[in-house]
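Engineer: These protein sequences, in sequence, are chains A and B.
Residues 1 to 159 (the numbering used here) are what the first sequence spells out, left to right.
Residues 160 to 318 (the numbering used here) are what the second sequence spells out, left to right.
In this text, a Cβ means the ideal position worked out from N, Cα and C, and glycines have one as well.
In this text, all values refer to a predicted model and were calculated from it rather than measured experimentally.
I have a structure I would like to understand better, so I am pasting it below and will then ask my questions one at a time.
There are 2 protein chains.
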Amino acid sequence: MKRAIRREPHALLPIPHVEGPDYDALDDLLGFSLRRAQIAMFVTFNEATRGLDVTPARFTALLIVGANPGIRQTVVGNVLGIARSGANALADWMESRGLAERRADKRDARAWGLYLTSRGLSLVEEMKRRIVEGERKRSASLTAGERKELLRLLRKLAG
Amino acid sequence: MKRAIRREPHALLPIPHVEGPDYDALDDLLGFSLRRAQIAMFVTFNEATRGLDVTPARFTALLIVGANPGIRQTVVGNVLGIARSGANALADWMESRGLAERRADKRDARAWGLYLTSRGLSLVEEMKRRIVEGERKRSASLTAGERKELLRLLRKLAG
DNA sequence: TATTGTTATACTCTATAACTATA
DNA sequence: TATAGTTATAGAGTATAACAATA
Chain A
1 MKRAIRREPH ALLPIPHVEG PDYDALDDLL GFSLRRAQIA MFVTFNEATR GLDVTPARFT
61 ALLIVGANPG IRQTVVGNVL GIARSGANAL ADWMESRGLA ERRADKRDAR AWGLYLTSRG
121 LSLVEEMKRR IVEGERKRSA SLTAGERKEL LRLLRKLAG
Chain B
160 MKRAIRREPH ALLPIPHVEG PDYDALDDLL GFSLRRAQIA MFVTFNEATR GLDVTPARFT
220 ALLIVGANPG IRQTVVGNVL GIARSGANAL ADWMESRGLA ERRADKRDAR AWGLYLTSRG
280 LSLVEEMKRR IVEGERKRSA SLTAGERKEL LRLLRKLAG
């Protein structure tokens, strides 16, 4: 006898603003709204890249390697704000999928340079198209000016 | 012979905008700047609440329970956007620290109502003071109008 | 001594799934 | 049959710490 399937709140859902409870100071805290907005955008990212086996960190890493051929893992890690071990795992992932190669750095025998393969280059272009389109839909309620202002304020806040 | 201590990039550091690499489309994507801004604010949160053994989720849960005495765990989970099992763990944490109590709900024998203790109430006030002050410092480069506009745009984006 | 890459390990957060008591 | 809470388990992502090779 099969048990009924019950769906839990899935991770890939935006955080709702629940009717009923008093949110107290929450709605005036940047931290809370930043988190809600970020998750909403994360949901959009996932929908846009469905089937591509990608995450924001993977996309960012591929994009950076594509724009900076020969870049070192450590620098990719710095851009992402993660430790070297994490950047290493990302490089392993890229190589295992045939999206990038490690080539010896001629100036420093300790280091590898990362280079996208043609497959990596076309994947990153496809992802970029989808993600830009996803962001366009998600921010459709914002005017072009508002979107630009939001970006400016976020960058200012990120310091 | 002791090995030299080497500091890895600590989690509690903002994501830097690295000099050198080409960021390509990254600086025009809301997702990327949202993440950088959110982490910067998370760092601020941690500095402001150092020693209080708190996380953003714990703070949010305490605040919501404080503002909504008798609220159910599931509703707290909905506000946070997490599954019931996670909300349950948060309630366990609150009780184990003497910050909240579960009391039987008279209208529904399946449910508990959550209530802050006096210790929980004073802690949440202390946290609120510190976090508001931390946000004030972090967003000092924004005018009051810019901060308000940022909040408005974030809420719009979060849907 | 410091840095690059690497590997192994541990921790945190969260979802998933199953279960119980009650609705 | 559905819902509130509970518990156990697993997975993703990341830091930490150590190490070899090179600077």
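#1: Excluding sequence positions up to five away, which residues of its chain have a Cβ less than 7 Å from the Cβ of residue 260/B?
#2: So what's residue 178/B in DSSP terms, helix, strand or just coil?
#3: For residue 74/A, which residues in the same chain have their Cβ closer than 6 Å to its Cβ, ignoring the five residues on either side in sequence?
#4: Report the partner residues of residue 271/B according to the DSSP bridge assignment.
#5: Would you verify that the beta carbon of residue 305/B is, or is not, closer than 8 Å to some beta carbon of chain A?
#6: Can you grab the Cα-Cα spacing for the pair residue 28/A / residue 201/B, in whole Å?
#7: Determine, using beta-carbon pairs with one atom in the region 170 to 187 of chain B and one in the region 137 to 145 of chain A, whether at least three such pairs fall under 8 Å.
#8: Look up residue 147/B in the DSSP assignment and say whether it is helix, strand or coil.
#9: Is residue 186/B near the ligand NAD - that is, is its Cβ less than 7 Å away from at least one heavy atom of it?
#10: Kindly confirm or deny that the region 59 to 78 of chain A and the region 223 to 239 of chain B touch, where touching means at least three C-beta pairs closer than 8 Å.
#11: Any contact between the region 147 to 157 of chain A and the region 118 to 129 of chain A? By contact I mean 3 or more CB pairs, one from each, below 8 Å.
#12: Name the chain B residues whose beta carbon is nearer than 9 Å to that of residue 56/A?
#13: Distance check for residue 263/B and residue 246/B, CA to CA, integer angstroms please.
#14: Give me, in chain order, the residues of the same chain whose beta-carbon lies closer than 7 Å to that of residue 289/B; leave out the 5 immediate sequence neighbours on both sides.
#15: What are the residues of the region 116 to 141 of chain A that lie near chain B, defined by any Cβ-Cβ distance shorter than 8 Å?
#16: Report, in whole angstroms, the separation of the C-beta atoms of residue 30/A and residue 310/B, which I expect to be a contact under 8 Å.
#17: Could you please tell me which residues of the region 216 to 238 of chain B, in chain order, have their CB closer than 8 Å to any CB of chain A?
#18: Among the residues of its own chain, which have a CB less than 6 Å from the CB of residue 44/A, if the five just before and after it don't count?
#19: Is it buried or exposed, residue 193/B, if we count other Cβ atoms within 10 angstroms and call 16 or more buried?
Structural biologist: Considering the structure as presented:
#1: 254, 274, 276
#2: coil
#3: 84
#4: 263/B
#5: yes
#6: 16 Å
#7: no
#8: With chain B represented from 160 up to 318, any question about residue 147/B goes unanswered, as that position is not in the structure.
#9: With respect to small molecules bound, the structure shown includes none, and the ligand NAD cannot be examined in it.
#10: no
#11: no
#12: 190, 191, 194
#13: 17 Å
#14: 207, 208
#15: 128, 131, 132, 135, 138, 139, 141
#16: 7 Å
#17: 219, 222, 223, 225, 226, 227, 230, 234, 236, 237, 238
#18: 134, 138
#19: buried
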